[in-house]
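Colleague: Quick note on our numbering: the sequence shown kicks off at 104 and runs consecutively.
Here a beta-carbon is modelled for each residue, glycine too, at the ideal position from N, C-alpha and C.
Nothing here was measured: the structure is a model prediction, and the numbers come from that model.
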Amino acid sequence: MSSKSALAEVKEMGKKIVPAPIRRFFWRAKEFILDHTEFTEKLLGIWKEALFQAEFVRNPSLRTFLLRTIRFSGDLVLVLRDFPMTKAYSLEGQTTRVVFVGREVEEFTHLFFSGDLVKREEPISVWSWQLPKKTKEWLAGGVDMVVHGVSRFFPWRAKAAFQATTPKWISQYFPIPDNCDEPPAGPKMRTLRKIYRDHAGCIGFRYSEQVSDFDVFYHRMYRPYVSNRHGSFVYVEPYEYLYKWFKKGGLILVNCKDELVSAMLVVKNGKWVYAAEAGVMDGNPELHAAGFPRVSVWSTAQWGNSQGCRKFQMGGTYSFRSNGVFQYKTFWNTIVTDFYGFIRNQWQFYLEQPGPALLNDLNEWGIIHEHRHQFYGVVFEGAQEPDAVEIARNLKTAHQDGLAGILRVSPGKMEYLC
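Dropping the structure here:
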């Protein structure tokens, strides 16, 4: 009897000995262990709700403690999503070959390759504990960069000559001016002041807690606006989730010549005013181009000032300085801080022998790194160490973007400058 025939006979005997329900149970258990993404996502939904509730604790110190504690525990749970096995994707752009590890390959491709044609191979499955070894092999085998999209507490970390991390999402806030009668002076506010000049006497706003106004906001303003702005790569918050925000606060509705043009969903908590989401009527790109989203922000600042608020939390955005939303918010002289909207992965970057072009691309992309609740602009440096003038320039632009400083990354070395 051949070995194959003997093996088949053993399997057949096993089927007779082990009842079908038990076989199905163990099969499903095996499938769950290897791929339990859906279960983990449902579990993390509990943390999203907990973060939402913690945002409205009145005491600032207690609120920060709760948010950090909830995020800490959520990030521990997040480890499960990529354990015991995860997927690795080979991505080849025009000049750069990347291996991305994790579930967010579409997101990474959209953000990093920015519209370039990308060749993507079928993913391979990798045991979690083998990632450090596989990363070393990939980098030695011609891959320019390896990115791990995993929990910040993921225990199997790789090592490389160049490495950095980003929380993927940050938030930005700005101090509300004492006098909000007119937009502040300064070059960054030139566009806003021009809008008010061009529409002198025609712009106004009102605060509303009417459900009918929220329905208009959600269906005719928020949904079409974010869909038009971000296309197929967009996440639209469910009606029910934003309605919970609405019940905690209300809407700033902006009118121009007695017509509703833009709006912002806002919540007041102590000395803070939070912007949850924004929209323009019917997602009209002309209203966006005319600057009415800026008017919504300024109207919210005016309303917050009248309510005794001192700080305006503008919400979350991707932790990359070249990102359009991030850059837009810097016009308000924002400060970068933690984001607690939901539990998300950290992205870990590994490079061994990158060329000058790739380092330049990464520096232009503008990775933001978190260290002890402070945020730094990552600056990759090759064999040629920059002079003092360039370092000072990098530090200045980081401060202008609301960061604490820069993180200089060179082969085997990381240095924080504030």
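Output the boundary residues of the alpha helix (DSSP H) element that contains Tyr-342.
Modeller: The count along the sequence shown starts at 1 and reaches residue 342 at position 239. Tyr-342 -> alpha helix (DSSP H) spans 342-351.
Colleague: Assuming Phe-265 and Pro-514 make a contact with CB atoms under 8 Å, what is their CB distance in whole Å?
Modeller: As a first step, residue 265 is located in the sequence shown; it is residue number 162 there, counting from the start. As a first step, residue 514 is located in the sequence shown; it is residue number 411 there, counting from the start. Contact holds; Cβ gap of about 7 Å.
Colleague: In three-state terms, what does DSSP make of Gln-266?
Modeller: Counting from one through the sequence shown, the residue named residue 266 turns up at place 163. Three-state DSSP puts Gln-266 in a strand.
Colleague: What would DSSP say about Arg-174, mapped onto helix, strand or coil?
Modeller: Taking the sequence shown and counting its residues from 1, one reaches residue 174 at position 71. Reduced to three states, the DSSP call for Arg-174 is helix.
Colleague: Could you tell me which whole alpha helix (DSSP H) segments of length 4 or greater appear in the segment 205-231?
Modeller: As far as the segment 205-231 is concerned, its whole alpha helix (DSSP H) runs of at least 4 residues are 208-211.
Colleague: Let me check understanding here. Comparing Cα to Cα, which of Met-367, Leu-520 and Thr-172 lies closest to Tyr-479?
Modeller: Position 376 of the sequence shown, counted from the start, is the residue given in the question as residue 479. Measuring from the Cα of Tyr-479, the nearest candidate turns out to be Leu-520.
Colleague: Taking buried to mean at least 16 other C-beta atoms within 10 Å of its own C-beta, is His-472 buried or exposed?
Modeller: Within the sequence shown, the letter at position 369 stands for residue 472. When all chains shown are included, His-472 counts as buried.
Colleague: Quick check on DSSP: helix, strand or coil for Thr-437?
Modeller: Residue mapping note: residue 437 aligns to position 334 of the sequence shown, counting from 1. Coil at Thr-437, not helix or strand.
Colleague: Is Val-160 helix, strand or coil by DSSP?
Modeller: Position 57 of the sequence shown holds residue 160. Val-160: coil per DSSP, three-state reduction.
Colleague: With distances taken from CA atoms, which of Trp-150, Leu-194, Thr-143 and Thr-198 is nearest Gly-458?
Modeller: As a working note, residue 458 is residue 355 in the sequence shown. That would be Thr-198, whose Cα lies nearest to the Cα of Gly-458.
Colleague: Does the beta-carbon of Val-492 have 16 or more other beta-carbons within 10 angstroms, so that it is buried, or is it exposed?
Modeller: In the sequence shown, the residue the question calls residue 492 occupies position 389. Counting Cβ neighbours within 10 Å, Val-492 comes out exposed, since fewer than 16 surround it.
Colleague: Does the segment 143-155 come into contact with the segment 436-448, if we say contact requires no fewer than three beta-carbon pairs (one atom in each stretch) closer than 8 Å?
Modeller: Touching, yes, given that three or more Cβ pairs across the two stretches are closer than 8 Å.
Colleague: Could you check where the beta strand (DSSP E) with Pro-278 kicks off and where it finishes?
Modeller: Along the sequence shown, one-based indexing puts residue 278 at 175. Note, Pro-278: beta strand (DSSP E), 272-278.
Colleague: Alpha carbon to alpha carbon, what distance is there between Leu-368 and Trp-523?
Modeller: In the structure displayed, the chain extends from 104 to 521; residue 523 sits before or after that span and is not available.
Colleague: Taking the C-alpha atoms as reference points, what is the distance between Gly-196 and Ser-330?
Modeller: Here residue 196 is taken as the residue at index 93 of the sequence shown, counted from 1. Here residue 330 is taken as the residue at index 227 of the sequence shown, counted from 1. Roughly 26 Å between the two C-alpha positions.
Colleague: Please report the residue range of the alpha helix (DSSP H) in which Lys-499 lies.
Modeller: Counting from one through the sequence shown, the residue named residue 499 turns up at place 396. It spans 491-503 - the alpha helix (DSSP H) in which Lys-499 sits, taken as one unbroken run.
Colleague: For Val-512, which of helix, strand or coil comes out of DSSP?
Modeller: Here residue 512 refers to the residue found at position 409 when the sequence shown is read from its first residue. Three-state result, Val-512: strand.
Colleague: At the level of alpha carbons, what is the spacing between Thr-403 and Leu-390?
Modeller: Here residue 403 corresponds to residue number 300 of the sequence shown, with the count starting at 1. Here residue 390 corresponds to residue number 287 of the sequence shown, with the count starting at 1. Going by the C-alpha atoms only, they are around 18 Å apart.
Colleague: Going by DSSP, which residues form a beta bridge with Ala-191?
Modeller: If you number the sequence shown from 1, residue 191 lands on position 88. DSSP output for Ala-191 lists Val-204 and Ile-227 as bridge partner(s).
Colleague: From what residue to what residue does the alpha helix (DSSP H) around Asn-408 run?
Modeller: As a first step, residue 408 must be located in the sequence shown, where it is residue number 305. Unbroken alpha helix (DSSP H) run through Asn-408: 395-409.
Colleague: Where DSSP assigns a beta bridge to His-476, which residues make up the other side?
Modeller: For this step, residue 476 is matched to residue 373 along the sequence shown. None, per the DSSP bridge assignment.
Colleague: Kindly indicate the opening and closing residues of the beta strand (DSSP E) around Trp-450.
Modeller: Position 347 of the sequence shown, counted from the start, is the residue given in the question as residue 450. 449-454 is the extent of the beta strand (DSSP E) around Trp-450.
Colleague: By the 10 Å Cβ neighbour count, where 16 or more other Cβ atoms means buried, how is Cys-412 classified, buried or exposed?
Modeller: Your numbering for residue 412 matches position 309 in the sequence shown. That one is buried.
Colleague: If we ignore side chains and look at the alpha-carbon of each, how far apart do Met-248 and Tyr-453 end up?
Modeller: Translated into the one-based positions of the sequence shown, residue 248 becomes position 145. Translated into the one-based positions of the sequence shown, residue 453 becomes position 350. In a straight line, the C-alpha of Met-248 is about 6 Å away from that of Tyr-453.
Colleague: Compare the Cα-Cα distances from Glu-224 to each of Lys-499, Glu-209 and Gly-485 and report the closest residue.
Modeller: Working through the sequence shown from its first residue, we reach residue 224 at position 121. The residue with the shortest Cα to Cα distance from Glu-224 is Glu-209.
Colleague: Which one or two residues does DSSP pair with Val-357 in a beta bridge?
Modeller: To locate residue 357, count along the sequence shown from 1; it is residue 254. BP columns for Val-357 point to Phe-308 and Ser-365.
Colleague: Does DSSP put Glu-152 in a helix, in a strand, or in coil?
Modeller: Numbered from 1 along the sequence shown, position 49 holds the residue referred to as residue 152. Glu-152 falls in the helix class under three-state DSSP.
Colleague: Around the C-beta of Asp-284, are 16 or more other C-beta atoms found within 10 angstroms, so that it is buried, or is it exposed?
Modeller: Taking the sequence shown and counting its residues from 1, one reaches residue 284 at position 181. Asp-284 comes out exposed.
Colleague: If we count the other Cβ atoms within 10 Å of its Cβ and call it buried at 16 or more, is Ala-379 buried or exposed?
Modeller: Within the sequence shown, numbered from 1, the residue matching residue 379 stands at position 276. Buried, since its Cβ has 16 or more Cβ neighbours within 10 Å.
Colleague: Quick check: the Cα distance between Trp-130 and Thr-143, rounded to an integer number of angstroms?
Modeller: Numbered from 1 along the sequence shown, position 27 holds the residue referred to as residue 130. Numbered from 1 along the sequence shown, position 40 holds the residue referred to as residue 143. Below a pLDDT of 50, predicted positions are generally treated as unreliable, and Trp-130, at 44, falls in that range; no measurement from the model is reported.
Colleague: Between the C-alpha atoms of Arg-200 and Ser-193, what's the straight-line distance to the nearest angstrom?
Modeller: Your numbering for residue 200 matches position 97 in the sequence shown. Your numbering for residue 193 matches position 90 in the sequence shown. Cα to Cα, the separation comes out at about 7 Å.
Colleague: Using alpha carbons as the reference points, say which of Arg-174, Arg-161 and Asn-162 lies closest to His-476.
Modeller: Translated into the one-based positions of the sequence shown, residue 476 becomes position 373. Of Arg-174, Arg-161 and Asn-162, the residue nearest in Cα terms is Arg-174.
Colleague: Could you give the C-beta distance for Val-314 and Arg-326, rounded to a whole number, given that I count them as a contact under 8 Å?
Modeller: Counting from one through the sequence shown, the residue named residue 314 turns up at place 211. Counting from one through the sequence shown, the residue named residue 326 turns up at place 223. Contact flag wrong, Cβ pair sits at about 17 Å.
Colleague: Would Leu-295 be called buried (16 or more neighbouring beta carbons within 10 Å of its own) or exposed?
Modeller: Start at 1 with the first residue of the sequence shown, and residue 295 comes out as number 192. By the 10 Å Cβ count, Leu-295 comes out buried.
Colleague: Only counting runs of 3 or more residues, tell me where the beta strand (DSSP E) segments fall wholly within the segment 411-436, in order along the chain.
Modeller: If we require 3 residues or more, the beta strand (DSSP E) runs fully inside the segment 411-436 come out as 414-421.
Colleague: Answer with buried or exposed for Lys-222, where buried requires no fewer than 16 other C-beta atoms within 10 angstroms of its C-beta.
Modeller: As a working note, residue 222 is residue 119 in the sequence shown. Burial call: exposed.
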